[in-house]
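Per my numbering: the sequence shown = residues 9 to 516.
Even glycine gets a Cβ: it sits at the ideal position worked out from N, Cα and C.
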Amino acid sequence: MTELKTRASRGARGGRAARVQARTNPPPVYLPTLNRQVGPIDLLGPEGVEKIHNAAMTILETTGIEFRDPVALADWKRAGADVQGERVRIGREMLMDLISSVPSEWGYAARNPERSLRVGNRHSVFANVYGAPFVYDLDGKRRPSMLEDAHNFFKMSQMSQSMMVPGILPVEPQDVPVPQRHLELVHAALTLTDKPIKGSVLSEQAARDTVDMVRIVFGEEFVDNNVVLAALLNCNTPLVWDETMLESLRVYAAANQPCLLSPFVLAGASAPASPQGGVALLIAESLAGMAYSQIIRRGAPMVLGVAIMGVSMKTGAPMMGSPEPGLMNLLVGQMARFYDVPWRTCTMWTGSKSPDLQAGFDTANTMWPVLLGGANYIVHSAGFLEGALGVSYAKWVQDTLQLENFHRFFSGLHEENLDALLGDIEAIGPGGHFLGTDHTRENPMHMNPLQNNDSFEQWEAEGAKTAEITGQEAARRMLESYVQPPMPEDQRGALNEFVAKKRALYQA
Numbered sequence: 009m010t011e012l013k014t015r016a017s018r019g020a021r022g023g024r025a026a027r028v029q030a031r032t033n034p035p036p037v038y039l040p041t042l043n044r045q046v047g048p049i050d051l052l053g054p055e056g057v058e059k060i061h062n063a064a065m066t067i068l069e070t071t072g073i074e075f076r077d078p079v080a081l082a083d084w085k086r087a088g089a090d091v092q093g094e095r096v097r098i099g100r101e102m103l104m105d106l107i108s109s110v111p112s113e114w115g116y117a118a119r120n121p122e123r124s125l126r127v128g129n130r131h132s133v134f135a136n137v138y139g140a141p142f143v144y145d146l147d148g149k150r151r152p153s154m155l156e157d158a159h160n161f162f163k164m165s166q167m168s169q170s171m172m173v174p175g176i177l178p179v180e181p182q183d184v185p186v187p188q189r190h191l192e193l194v195h196a197a198l199t200l201t202d203k204p205i206k207g208s209v210l211s212e213q214a215a216r217d218t219v220d221m222v223r224i225v226f227g228e229e230f231v232d233n234n235v236v237l238a239a240l241l242n243c244n245t246p247l248v249w250d251e252t253m254l255e256s257l258r259v260y261a262a263a264n265q266p267c268l269l270s271p272f273v274l275a276g277a278s279a280p281a282s283p284q285g286g287v288a289l290l291i292a293e294s295l296a297g298m299a300y301s302q303i304i305r306r307g308a309p310m311v312l313g314v315a316i317m318g319v320s321m322k323t324g325a326p327m328m329g330s331p332e333p334g335l336m337n338l339l340v341g342q343m344a345r346f347y348d349v350p351w352r353t354c355t356m357w358t359g360s361k362s363p364d365l366q367a368g369f370d371t372a373n374t375m376w377p378v379l380l381g382g383a384n385y386i387v388h389s390a391g392f393l394e395g396a397l398g399v400s401y402a403k404w405v406q407d408t409l410q411l412e413n414f415h416r417f418f419s420g421l422h423e424e425n426l427d428a429l430l431g432d433i434e435a436i437g438p439g440g441h442f443l444g445t446d447h448t449r450e451n452p453m454h455m456n457p458l459q460n461n462d463s464f465e466q467w468e469a470e471g472a473k474t475a476e477i478t479g480q481e482a483a484r485r486m487l488e489s490y491v492q493p494p495m496p497e498d499q500r501g502a503l504n505e506f507v508a509k510k511r512a513l514y515q516a
């Protein structure tokens, strides 16, 4: 693990005020890739896994899936699939052969090699929120999201110990024209952070620009041989891959960059409410996308993706934190291990409109099954409110601190010297305490600095602050202490020049 030297840490020699500031806002010590030592949970025996697999294969062989893109249809026809109009039927032998070349694990390179990660098998990474049109700002007020908000969430991701992937679209910047958004966001992700990023799927051109920009920073040969970004592509459940997504998929697969091929499942609406039936459908959809990627470039890394929500039978609105999507995530994890591919899912989201008790319940109830199911790439890991339409600064900070708790829990047990502990127990004896032992000082319990465990009187005397207020204050501190990571001037200049030329072209 490495430390980022912030202004606070550099000024720690400047007297009492600087020392207080350093204690209040210490430099982050970045968490490494989570190497899960707890779980995964397998709900199904071999017969249950085979049942879902056969159902998914039957869907692809019999019902088929639509690829609404002429290039993809021609590619499938050349590969030997049954193509009738836009409907593609894929035999199970062909599909299993294609996905057999998808790597089960890959390295995820960051601009700063010390921030690089691994994805797949027992490795899990936490990635930022994605695509919200609204924010709940530093005063808790809901408003349309702007480019400054995207910049702020990139900066906070850089300062966070647990947010491993800043992403590419933490919010939709309403003040930037759509054709230019990807330029501003990819540029910001590359310059405001030095962690791994994601790619734009706004259009085929946006995907090409993204690849060109990372080639400027990493070098063309390096990008061709290493993962430097991942792109989120959504299938239109049920059973439709559209042209925009497929155009981006071809760009990223050809560049050897993974896509998170993700059906967007509203259980009970766009997919069956049955966990096993819903999983069979989404597995079929995601595997079809993964198989197509291997027609473009055999061996390109890909991720089996899902985004699972329930549906309120009262209003039809998306519903987070309910048991059935949790069960479905456990099943998806087991099926991904059957196919030996990494898998992606969503978590830490809620239908609540404030960072309240419902938000806390929903957030926890979505994360536990995701990690117990062995998810490898976990998107929306902090900040979402109102069914993923809004991002709260306060909740974002509180959620990232909960990610540290999850990281500690799923890292499992550490090796302990029981003989030494028996010595402490013997020395202390009945009625003593362990507060002063070397072991206690050297192995403190993990502590969330924003959780208040003081007495009521002390909490009241210090302002009776709610979790939302402490989260807002922490977000302000993170932004005030942010230090932009260095970038070689030749890279920065080339990146700026590329963006300026493209911006002028798209304005024309």
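Do residue j and residue i have their beta-carbon atoms positioned less than 7 Å apart in this structure?
i      : j      : result
Gly398 : Tyr144 : yes
Ser124 : Ala135 : no
Asp50  : Leu254 : no
Pro204 : Val173 : yes
Trp351 : Asn384 : yes
Ala215 : Val259 : yes
Arg119 : Asp232 : no
Leu338 : Gly381 : yes
Leu247 : Gly207 : no
Asp157 : Val179 : yes
Val235 : Thr218 : no
Phe418 : Val57  : no
May I ask you to report which of helix, strand or coil DSSP gives residue i?
i      : result
Asp83  : helix
Thr353 : strand
Asp217 : helix
Gln302 : helix
Gly341 : helix
Arg223 : helix
Met104 : helix
Glu423 : coil
Ala263 : coil
Does the beta carbon of residue i sit closer than 7 Å to a beta carbon anywhere in chain B?
i      : result
Ala483 : In summary, chain B is missing from the structure at hand, where a single protein chain is found.
Tell me the DSSP bridge mates of residue i?
i      : result
Met317 : Leu274
Lys163 : Paired residue(s): none; Lys163 is not in a bridge.
Gly368 : Partner(s): none; Gly368 has no beta bridge.
Leu42  : Ser132
Ser208 : Partner(s): none; Ser208 has no beta bridge.
Ile73  : Val96
His238 : According to the sequence provided, residue 238 is Ala. The question's His does not apply to it. Looking at the DSSP assignment, Ala238 forms a beta bridge with Lys206.
Ala279 : Ala275
Ile291 : In DSSP, Ile291 forms no bridge with anything.
Phe392 : Val399
Val173 : Ala135
Classify residue i as buried or exposed, calling it buried when 16 or more other Cβ atoms lie within 10 Å of its own Cβ.
i      : result
Lys510 : buried
Glu11  : In this prediction, Glu11 has a pLDDT of 33, which is less than 50 and means its spatial position is unreliable; what the coordinates show is noted afterwards. So Glu11 counts as exposed.
Gln265 : buried
Met321 : exposed
Val186 : exposed
Trp467 : exposed
Pro331 : exposed
Phe464 : exposed
His422 : exposed
What do you reckon, is the C-beta of residue i under 6 Å from a heavy atom of the ligand HEM?
i      : result
Ala396 : Absence of the ligand HEM from the depicted structure is noted, as is the absence of any ligand whatsoever, leaving it without description.
Short of 7 Å in beta carbon distance, which residues of its chain neighbour residue i, apart from the five on each side in sequence? Order them along the chain.
i      : result
Gly286 : Val273, Ala275, Ala279, Pro280, Met336
Leu155 : Pro181, Asp183, Val184, Glu192
Asp408 : This sequence places Thr at residue 408; Asp is not what is there. The answer, listed in chain order, is Ser168, Ser170, Met171, Ala390.
Ser301 : Leu257, Ala261, Cys267, Ala308, Met310
Pro333 : Ala275, Ile316, Met317, Gly318
Pro283 : Glu332, Leu335, Met336, Leu339
Phe369 : Gly329
Thr252 : Ser211
Grab me the residues of residue i's own chain with a C-beta within less than 8 Å of its C-beta, minus the 5 sequence neighbours each way, in chain order.
i      : result
Thr448 : Phe442
Leu81  : Phe75, Val91, Glu94, Val96
Starting from the C-beta of residue i, find all residues in its chain whose C-beta is less than 6 Å away, skip the five residues before and the five after it, and write them out in chain order.
i      : result
Tyr490 : Lys163, Met167
Ser211 : none
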